[in-house]
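Asker: Submitted below is the structure of interest, expressed as structure tokens.
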Amino acid sequence: MKYRQSYVRSYIAYFFLQIKQGLQYRTAAFAGAITQFCWGFMLLFIFQAFYQSNVQAQPISYTQIVQILWLQQAFLAFFVLWFRDNDIFTMILTGSIAYELCRPIHLYSFWFVKLISARLSSASLRSIPILLVAAFLPAPYSLNFPPTTEHFVYFFLTLFLGLILLVAISMFVYISTFYTYSAVGSMLLFAVFGEFFAGLIIPVPLMPLWLQKIVYALPFRYTCDVPFRIYAGHIGIPEAIVSIYIQLGWILFLVVLGRYFLQKSLQKVVVHGG
Amino acid sequence: MKLYFRYISMLLKCQMEYRTSFLLLSFAQFFVPFLVFVSIYLLFQRFPDIAGWSLYEVAFCYGIIHVCFSISECVGRGFDSFSPLVRKGLLDQFLLRPRSILLQVLGSQFEFTRIGRLIQSLVVLGFAIVHLDIIWNFQAIVTLIFMIVGGIFIFIGIFMLGATLCFWTIEGIELVNILTDGGREISQYPLNIYPEGIRRFFTFIIPFGVVNYIPLLFLVGKLEASSMLVSILYTATPLAGILFIFPCIFIWNLGLRHYSSTGS
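Note that the protein sequences, when read in sequence, are chains A and B. Per our numbering, the first sequence runs over residues 22 to 295. Per our numbering, the second sequence runs over residues 247 to 510.
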């Protein structure tokens, strides 16, 4: 038991170490925030032009779309799949993974902590300025408060679970490097389809119904579509509660599967380099 | 020029060494923008039009700008990944050789995998052209070619500006992406859907509007040419995009003079 405890402590220490490291890149984050902000504005205008042309009512209002767009820009670092940790890739490709395997840690959990902390520090630096500025914009473009405090609480819960789920998904990209060696192509494909199904390219409510059915069957939308739509008030509390259970289910399933695959590939790991 | 093709054929051989990786990357390059177009398509299922523009007209805008972008990304990759050259002091090698720096930087990289993106853009452009009833006379074809050429020059100009910044900042800057990626995304829709300020900026400062929006107005007949001269003027508007490269070359040379080597 004692042994186990020191395990956990080392993960926590590593977590804070990584966060501190991530917070070093303040200028880059600031530039990133500005880019994101401009990007957000562009999307606002495009959707506004679309909404001005519509004759019948849409499944989601423009104000709700605005909320989703700002949250997407603010928390982009949480949810983009192409955001990748080059350390892990180089570890696998250069063979320095041999050192990692010598350490008395569990590799899956270790990487998991590394990836989560990287995303957390990156997003925390970027999200705050974006959210602040977006909140003070004039009426149709501004980020509002969610309809009730309850929505807000569920937003936070699902956002947090979504982050864990996303890292569990992204773990497979790293594991696949053991097999493919060059991850760029397959990674990009995986990332772009993942983002599409997560509603990052076109919001899920605006998709045709048949596509929505596919999206609902995949894990991707439970990363960011769910929390953002809860915030916007487009998903009610009863559905939010169901979504949390589904999120938990996906996390459990993907973590177990990921650990299994990692174990398997480690058994026949080839250490590269000399 | 001969030297440039030498450079390119060397790079092609290099990239072909990793064939599977090359194919996969080209394949991925096809799908990345393709899903963006699919989204536009899906949005048009919900909404009848955008500021009076039909799906096919938007597809035309999109196709043009993406053809330009993918070609200039192939060619101008050397500028796009310029910061390591400065950071590691590799640029010194270039300066020692008795050839123009511009040529050497252009020849230092050529991204063949963008062929996937190019095919995607051509497919969309074809899709648009088939559905739009533009009369493809000689003038229209010339306009189309001018549009593409003008667009390529604008993108390469922006890549150069980004590279020039590296002389001062050493690191590459994400902000430049607002102009390249952002400019590309913005001008894949006709510019009149945006507020006045944005439209002006992308017409007179970074002239993307000149290579797709204005000629498109002319091609689909939303702008009537009152006389022969005016119609020739419309055909020639995309050429204004080429003018954009001159201030960029000037600023680049300014930066080059400022360059002091780093590294050891």
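Using N, Cα and C, we set each Cβ at its ideal position, and we do this for glycine too. Nothing here was measured: the structure is a model prediction, and the numbers come from that model.
1. Kindly indicate if chain A contains any beta-carbon less than 9 angstroms away from that of Gln291 (chain B).
2. Once you ignore the five residues that flank Ile317 (chain B) on each side, which residues in its own chain have a CB closer than 7 angstroms to its CB?
3. In this structure, how does DSSP classify Phe496 (chain B) when only helix, strand and coil are distinguished?
4. Buried or exposed for Cys123 (chain A), please, with buried defined as at least 16 other CB atoms from any protein chain shown within 10 angstroms of its CB.
5. Identify which residue in B:Gln339, B:Tyr505, B:Leu465 and B:Gly362 has its Cα closest to the Cα of Phe268 (chain B).
6. Suppose contacts are defined by Cβ-Cβ distances below 9 angstroms. Is Ala70 (chain A) in contact with Ile432 (chain B) by that definition?
7. Which whole runs of the beta strand (DSSP E) in the segment 120-171 of chain A are 3 residues long or more, in chain order?
8. Within 9 angstroms (strictly less), CB to CB, does Ser272 (chain B) reach chain A?
9. Just mark Gln57 (chain A) as buried or exposed, buried being the case when its beta carbon has 16 or more other beta carbons within 10 Å.
10. Just how far apart, CA to CA, sit Tyr505 (chain B) and Phe251 (chain B)?
11. Rank A:Phe62, A:Gly43, A:Val225 and A:Phe274 by C-alpha distance to the C-alpha of Leu158 (chain A) and give the top, closest one.
12. Out of B:Pro461, B:Gln355, B:Phe283 and B:Trp382, state which residue places its alpha-carbon closest to the alpha-carbon of Gly322 (chain B).
13. Looking at the unbroken alpha helix (DSSP H) that takes in Val313 (chain B), where does it start and where does it end?
14. Determine, using beta carbons only, whether Met112 (chain A) comes closer than 9 angstroms to chain B.
15. Leu249 (chain B): buried (16+ other C-beta within 10 angstroms of its C-beta) or exposed?
16. Please compile the residues from chain A whose C-beta is within a distance smaller than 7 angstroms of the C-beta of Gly428 (chain B).
17. Short of 8 angstroms in beta carbon distance, which residues of its chain neighbour Cys260 (chain B), apart from the five on each side in sequence? Order them along the chain.
18. Three or more C-beta pairs under 8 angstroms: does that hold for the segment 300-319 of chain B against the segment 386-402 of chain B?
19. Pick out whichever of B:Arg292, B:Leu475 and B:Leu462 has its Cα sitting closest to the Cα of Leu227 (chain A).
20. Run down chain B in chain order and give the residues with a C-beta less than 8 angstroms from the C-beta of Ile86 (chain A).
21. Which residues, in chain order, does the segment 281-314 of chain B contribute to contact with chain A at a C-beta distance below 7 angstroms?
22. According to DSSP, is Ile361 (chain B) part of a helix, a strand, or is it coil?
23. Can you check DSSP and say which residues form a bridge with Ile296 (chain B)?
24. Can you list, in chain order, the residues of its chain with a C-beta nearer than 7 angstroms to that of Tyr162 (chain A)? Leave out the 5 residues immediately preceding and following it.
25. Determine, using beta carbons only, whether Val376 (chain B) and His312 (chain B) come nearer to each other than 9 angstroms.
26. Listed in chain order, which residues of the segment 30-59 of chain A have Cβ atoms closer than 8 angstroms to some Cβ of chain B?
27. Taking 6 angstroms as the limit between beta carbons, can you name the residues of its chain near Leu180 (chain A), skipping five residues before and five after?
28. Over the uninterrupted alpha helix (DSSP H) stretch that includes Gly429 (chain B), give me the two end residues.
29. Give the straight-line distance between the Cα atoms of Gln94 (chain A) and Ala212 (chain A), rounded to the nearest whole angstrom.
30. What's the gap between the Cα of Ala189 (chain A) and the Cα of Ser197 (chain A)?
31. Any chance the segment 278-292 of chain A sits against the segment 117-131 of chain A, with 3 or more Cβ pairs inside 8 angstroms?
32. Going along chain B in order, which residues have a C-beta closer than 7 angstroms to the C-beta of Pro229 (chain A)?
Answerer: This is what the structure holds:
1. Taking the second sequence and counting its residues from 1, one reaches residue 291 (chain B) at position 45. So, interface residue.
2. Here residue 317 (chain B) corresponds to residue number 71 of the second sequence, with the count starting at 1. The residues are Leu364 and Ile398.
3. Counted from its first residue, the second sequence places residue 496 (chain B) at position 250. Here Phe496 (chain B) carries a helix assignment [DSSP, helix/strand/coil].
4. Sequence index remark: in the first sequence, residue 123 (chain A) carries index 102 (1-based). If you draw a 10 Å sphere on the C-beta of Cys123 (chain A), you find fewer than 16 other C-beta atoms in it, and that means exposed.
5. Taking the first residue of the second sequence as position 1, residue 268 (chain B) is located at position 22. With distances taken between Cα atoms, Phe268 (chain B) lies closest to B:Gly362.
6. Taking the first sequence and counting its residues from 1, one reaches residue 70 (chain A) at position 49. Taking the second sequence and counting its residues from 1, one reaches residue 432 (chain B) at position 186. Between Ala70 (chain A) and Ile432 (chain B), the C-beta gap is not smaller than 9 angstroms, which leaves the two residues out of contact.
7. When DSSP assignments are scanned along the segment 120-171 of chain A, no uninterrupted stretch of beta strand (DSSP E) that is 3 or more residues long falls wholly within it.
8. For the purposes of this step, residue 272 (chain B) is taken as the residue at position 26 of the second sequence. The beta-carbon of Ser272 (chain B) is placed less than 9 angstroms from the nearest beta-carbon of chain A.
9. Taking the first sequence and counting its residues from 1, the one referred to as residue 57 (chain A) is at position 36. Buried, by the Cβ-count rule.
10. In the second sequence, counting from the first residue as 1, residue 505 (chain B) sits at position 259. In the second sequence, counting from the first residue as 1, residue 251 (chain B) sits at position 5. Rounded to the nearest angstrom, the two C-alpha atoms are 27 angstroms apart.
11. If you number the first sequence from 1, residue 158 (chain A) lands on position 137. Check the Cα spacing between Leu158 (chain A) and each of A:Phe62, A:Gly43, A:Val225 and A:Phe274: the tightest is with A:Phe62.
12. Start at 1 with the first residue of the second sequence, and residue 322 (chain B) comes out as number 76. Out of B:Pro461, B:Gln355, B:Phe283 and B:Trp382, B:Gln355 has the C-alpha closest to the C-alpha of Gly322 (chain B).
13. Translated into positions along the second sequence, residue 313 (chain B) becomes position 67. Taken as a continuous stretch (DSSP letters only), the alpha helix (DSSP H) holding Val313 (chain B) covers Leu301 to Val321.
14. On the first sequence, residue 112 (chain A) is found 91 positions in, with the first residue counted as 1. Any Cβ of chain B closer than 9 angstroms to the Cβ of Met112 (chain A) would place that residue at the interface, and such an atom is absent.
15. Here the question's residue 249 (chain B) lines up with position 3 in the second sequence. Leu249 (chain B) comes out exposed.
16. In the second sequence, residue 428 (chain B) corresponds to position 182, counting from 1. Residues of chain A passing the Cβ test: Cys59, Trp60 and Met63.
17. Reading the second sequence from its first residue, position 14 is the one you call residue 260 (chain B). Hits under 8 angstroms: none found.
18. With the cut-off at 8 angstroms, the segment 300-319 of chain B and the segment 386-402 of chain B touch.
19. Reading the first sequence from its first residue, position 206 is the one you call residue 227 (chain A). Among B:Arg292, B:Leu475 and B:Leu462, the Cα nearest to that of Leu227 (chain A) belongs to B:Arg292.
20. Counting from 1 along the first sequence, the entry for residue 86 (chain A) is found at position 65. Chain B residues near Ile86 (chain A): none, gap ~11 angstroms exceeds 8 angstroms.
21. Answer in chain order: Leu281, Val282, Ser285, Leu288, Leu289, Gln291, Arg292, Phe293, Pro294, Asp295, Ile296 and Ala297.
22. For the purposes of this step, residue 361 (chain B) is taken as residue 115 along the second sequence, with counting starting at 1. In the three-state scheme derived from DSSP, where H, G and I count as helix and E and B as strand, Ile361 (chain B) is classed as helix.
23. Working through the second sequence from its first residue, we reach residue 296 (chain B) at position 50. Partner(s): B:Trp299.
24. Translated into the one-based positions of the first sequence, residue 162 (chain A) becomes position 141. Same-chain partners within the cutoff: Leu65 and Val87.
25. As a working note, residue 376 (chain B) is residue 130 in the second sequence. As a working note, residue 312 (chain B) is residue 66 in the second sequence. His312 (chain B) sits away from Val376 (chain B), with the two beta carbons spaced by 9 angstroms or more.
26. Near chain B, meaning a CB-to-CB distance below 8 angstroms, the residues of the segment 30-59 of chain A are Ala49, Ala52, Gly53, Ile55, Thr56 and Cys59.
27. Within the first sequence, residue 180 (chain A) is the residue found at index 159, counting from 1. The answer, listed in chain order, is Pro248.
28. Taking the first residue of the second sequence as 1, we reach residue 429 (chain B) at position 183. From DSSP, the alpha helix (DSSP H) with Gly429 (chain B) extends over Gly429 to Ile432.
29. Position 73 of the first sequence, counting from 1, holds the residue named residue 94 (chain A). Position 191 of the first sequence, counting from 1, holds the residue named residue 212 (chain A). In a straight line, the C-alpha of Gln94 (chain A) is about 17 angstroms away from that of Ala212 (chain A).
30. What you label residue 189 (chain A) is simply residue 168 of the first sequence in a count that begins at 1. What you label residue 197 (chain A) is simply residue 176 of the first sequence in a count that begins at 1. Ala189 (chain A) and Ser197 (chain A): Cα-Cα distance of roughly 13 angstroms.
31. Touching, yes.
32. One-based indexing of the first sequence puts residue 229 (chain A) at position 208. What Pro229 (chain A) touches in chain B: Leu288 and Gln291.
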